[in-house]
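Numbering (the working numbering), first residue to last: 136 to 537.
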């Protein structure tokens, strides 16, 4: 609960930006526009982009990063359909990529990429639906095409300006060109941020019209800010600014997004079922792998925040084991003592969780509790005799035996 409270506490200083993020004339996100059918590309620009995306999708389909699990993919497609509507969602093809970062994207041809780092960070169907709806909003508004045209117009202008500047050859001409270049690139970044805001509002409109609570959209960004702050604290870095816009930022600040998404969510939807239990059940087979990939990023603060926030509904053996791995891999003596305690909690909840016995054994051996550690390692080999490291662990137990 403390991590959810930490995320919600960040909203205390979001109120001052609501006047800019949510205009007074708008009380909630507008409903989705009427569905106009599957869009087909027109003109050389669109046809060219679609062709490139088709080639990218062909390569993506054969990528070793793609998780080819029928149940997981069916679940995500069903959730997308429940979010944007069964008519719209048929245009999308979802690929789950084993990449431990918080991201998703959708290409103009209907290819949606969902990263496992995103799935790990979501706490409910409603939170994930907020992201899926946002990406589908980009697709429906054809933002990729509009940004392509805007970038081309801007760079064309700068190319001609560079020629004229070189012909003039004066200091003032070069100074004017620098100002123009800053203005053009600033306008392009601003345009991209506006695209993100539009996709946010369209995604929220989908949620408002769905059976899921739209308030989850704001919680996604509250949690993202809390994770970033937890990461910075452990790294000894300055507290991040969530309300500042960098010149080259491609997205609005997280604080702004949390503010207007919270303000424009339909109040009537707050009591809807967020699907937390359904989401946890769907992710359960993959949670150990997703957590392991996250821990290997070597971002202790972020990983600790993710694990403990997932445990707000109750600790599982999987979560205790992941927390043990996190502390054991950092490896101070105090961390090893804590890791042994976490592994012990995991074993008590699930005595047949082999990896918890392995971690417990290694942590105990390194803290001087050799006999207990060797017993745990032998238990690991009994439960998982064909483990990839069975030979190494077997040699360790033989070597350590007096």
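Note that CB positions come from ideal geometry on N, CA and C, so glycine has one too.
Q: Using the Cα positions of residue 524 and residue 447, report the straight-line distance between them to the nearest angstrom.
A: Looking at the two C-alpha atoms, the distance is approximately 33 Å.
(Q) For residue 302, count the other beta carbons within 10 Å of its own beta carbon; 16 or more makes it buried, fewer makes it exposed. Which is it? (A) Answer is exposed; the Cβ neighbour count stays below 16.
Q: Please confirm whether residue 202 and residue 231 have their CB atoms less than 8 Å apart.
A: Yes.
Q) Going straight from the alpha carbon of residue 356 to that of residue 246, what length do you get? A) Residue 356 and residue 246: Cα-Cα distance of roughly 24 Å.
Q | Segment contact flag, the stretch 458-478 with the stretch 489-504, C-beta cutoff 8 Å, min 3 pairs | A | Counting C-beta pairs closer than 8 Å gives three or more between the stretch 458-478 and the stretch 489-504, which meets the contact rule.
Q. To the nearest angstrom, how far is it from the Cα of residue 172 to the Cα of residue 222?
A. One C-alpha to the other measures close to 8 Å.
Q. DSSP three-state call for residue 491: helix, strand or coil?
A. The answer is helix: DSSP assigns residue 491 an H, G or I state.
Q) For residue 228, which beta-bridge partners are listed by DSSP? A) The secondary-structure analysis by DSSP pairs residue 228 across a beta bridge with 246.
Q | residue 241 - partner residues in DSSP beta bridges | A | DSSP, once it has assigned bridges, lists 247 as partnering residue 241.
Q) Per the contact definition of three or more C-beta pairs closer than 8 Å, is the stretch 260-269 in contact with the stretch 207-225? A) The answer is yes - the stretch 260-269 touches the stretch 207-225, with three or more Cβ pairs under 8 Å.
Q: Decide if residue 482 is buried, meaning its Cβ has at least 16 other Cβ atoms within 10 Å, or exposed.
A: It is buried - the Cβ of residue 482 has at least 16 other Cβ atoms within 10 Å.
**Q.** Close-in-space but distant-in-sequence residues of the same chain around residue 159 (CB under 7 Å, 5 per side omitted)
**A.** Because residue 159 sits at a pLDDT of 45, beneath the cut-off of 50, its placement in the model cannot be relied upon, and the following sentence gives the value as read from the coordinates. Only residues of its own chain outside the window of five on either side were considered, and among them none has a CB closer than 7 Å to the CB of residue 159.
Q) Within this structure, are the beta carbons of residue 343 and residue 164 separated by less than 8 Å? A) Yes, they are a contact pair.
Q. Which residues does DSSP pair with residue 201 in a beta bridge?
A. Answer is 232, bridged to residue 201.
(Q) In this structure, how does DSSP classify residue 516 when only helix, strand and coil are distinguished? (A) Note: residue 516 maps to helix in three-state DSSP.
Q: Determine the direct distance from the alpha carbon of residue 489 to that of residue 148, and round the result to whole angstroms.
A: Below a pLDDT of 50, predicted positions are generally treated as unreliable, and residue 148, at 35, falls in that range; the measurement from the model is reported next regardless. Taking the straight line from one Cα to the other gives about 45 Å.
Q. Assuming residue 390 and residue 353 make a contact with CB atoms under 8 Å, what is their CB distance in whole Å?
A. Taking the Cβ atoms as the reference, residue 390 lies roughly 11 Å from residue 353, outside the contact range of under 8 Å.
(Q) According to DSSP, is residue 382 part of a helix, a strand, or is it coil? (A) Of the three classes helix, strand and coil, the one that applies to residue 382 here is coil, per DSSP.
Q: Would you mind giving the Cβ-Cβ distance between residue 383 and residue 324, rounded to the nearest angstrom? I have them listed as a contact below 8 Å.
A: Contact flag correct, Cβ pair sits at about 6 Å.
**Q.** Exposed unless 16 or more other CB atoms sit within 10 angstroms - verdict on residue 307
**A.** Of the residues assessed, residue 307 falls on the exposed side of the cut-off, its CB having fewer than 16 other CB atoms within 10 angstroms.
Q. Under 8 Å, do residue 188 and residue 269 count as touching if we go by C-beta distance?
A. With respect to the 8 Å criterion, residue 188 and residue 269 are not classified as neighbours on the basis of their beta carbons.
Q: Compare the beta carbon distance of residue 502 and residue 472 with 8 Å and say whether it is the shorter of the two.
A: Yes.
Q: Check each candidate in 470, 400, 386 and name the one with the smallest Cα separation from residue 329.
A: Out of 470, 400, 386, 386 has the C-alpha closest to the C-alpha of residue 329.
Q. For the ligand PLP, any of its heavy atoms closer than 7 Å to the Cβ of residue 514?
A. The ligand PLP is not among the ligands present in this structure, which contains no ligands whatsoever.
Q.
Taking 8 Å as the threshold (C-beta atoms), are residue 282 and residue 327 in contact?
A. Contact flag set, yes.
(Q) Under 8 Å: do the stretch 426-438 and the stretch 402-410 share three or more Cβ pairs, one atom per stretch? (A) Contact fails: fewer than three Cβ-Cβ distances are below 8 Å.
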